[in-house]
Every structure is written in structure tokens, then in C-alpha cells.
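Following: one structure in C-alpha cells, then a few remarks.
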Amino acid sequence: MHTRLRVNDLDKTLEFYGLVFGLSVTRRHESPRGSKLAFLAVPNSEEEIEITFYPGSGPVEVQEDLMHLAFEVESMKKFEEHLQSVGYQFSDGPTQSSSGSIFAFVDAPEGYEIEVIERPR
């Protein structure tokens, strides 16, 4: 149904996913315990990404290589140009795998890694 990521700055994170990946907010609400929630539509999928802001749990500190989301792109070169045009850059890569795929990573505001993959044609 959805993958949940807790963040320190809801608006900054939603702006990142909108600018970088073109994801849109499908709904927002506040939970009974005070969490602020926003759900992002994932292209070509029924799964959503739930972005949660809940200061009562303390600050979010994402450790390196904890987890990542992955999105497929048509062209790594075009995606990199887009990424730079909105003020971001790859944190790792691009790298070509033995299968011919090209992959790279970009870090979301809290440090969650997002993998982008261009599959061979």
C-alpha cells in the first residue's frame, strides 16, 4: 500500500520529491497523535510514499546505507541534467552494472538515498 519515511521538514521533503521526481501529493492529514502526513503518488504503481513529520519522536537521523527507494529513468544523462537544473546532484554514480543497467543515487533532504536506474534497451 505505502512506504513510510519520517522526516524533519515536511515541506522541504515534499518540494524535493516534486522537483526531482515529479511526484504529487495525493492527500494530507494529521493523525490523532499529531503526526502530519502527506502521501505521494508513485508513477505506474498503486503504492504510495507516505511522508511523516512527527517531532514527538525526536529528530530524524538517517544512517548511511540504511535503505533506499528506487525509480527507473529513461535516460540517465537527461535525468542528471534535470537534477542539476533543480539544484541537486548525484551523491554516487552514475555507474554501469555488469547487466548493462546504469544506476546512480541522489540524497533526499534527511539523507535517505534514492536510486535511479536506466535499464538497457
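Residue numbers (this note's numbering): 196 to 316.
Where is the CB? At the ideal position from N, CA and C, for every residue including glycine.
Asked	Found
Bounding residues of the alpha helix (DSSP H) (the contiguous stretch that carries residue 275)	271 to 280
Burial state of residue 313, where buried means 16 or more other Cβ atoms lie within 10 Å	buried
Cut-off 8 angstroms between Cβ atoms - residues of its own chain near residue 268, not counting five sequence neighbours on either side	274, 311, 312, 313
Cβ neighbour criterion (16 or more within 10 Å) applied to residue 262	exposed
Presumed contact (8 angstroms Cβ cut-off) between residue 197 and residue 248, rounded CB distance	About 16 angstroms; that fails the 8 angstroms criterion.
CB contact flag (residue 301, residue 283, <7 angstroms)	yes
Close Cβ partners of residue 240 (< 7 angstroms) along its chain, the five nearest in sequence each way excluded	none
Proximity of residue 208 and residue 304 at Cβ, strictly below 7 angstroms	yes
DSSP three-state assignment for residue 210, whether helix, strand or coil	helix
Local conformation of residue 268 per DSSP, three classes	coil
Outcome for residue 201 when other beta-carbon atoms lying within 10 angstroms are tallied against a minimum of 16	buried
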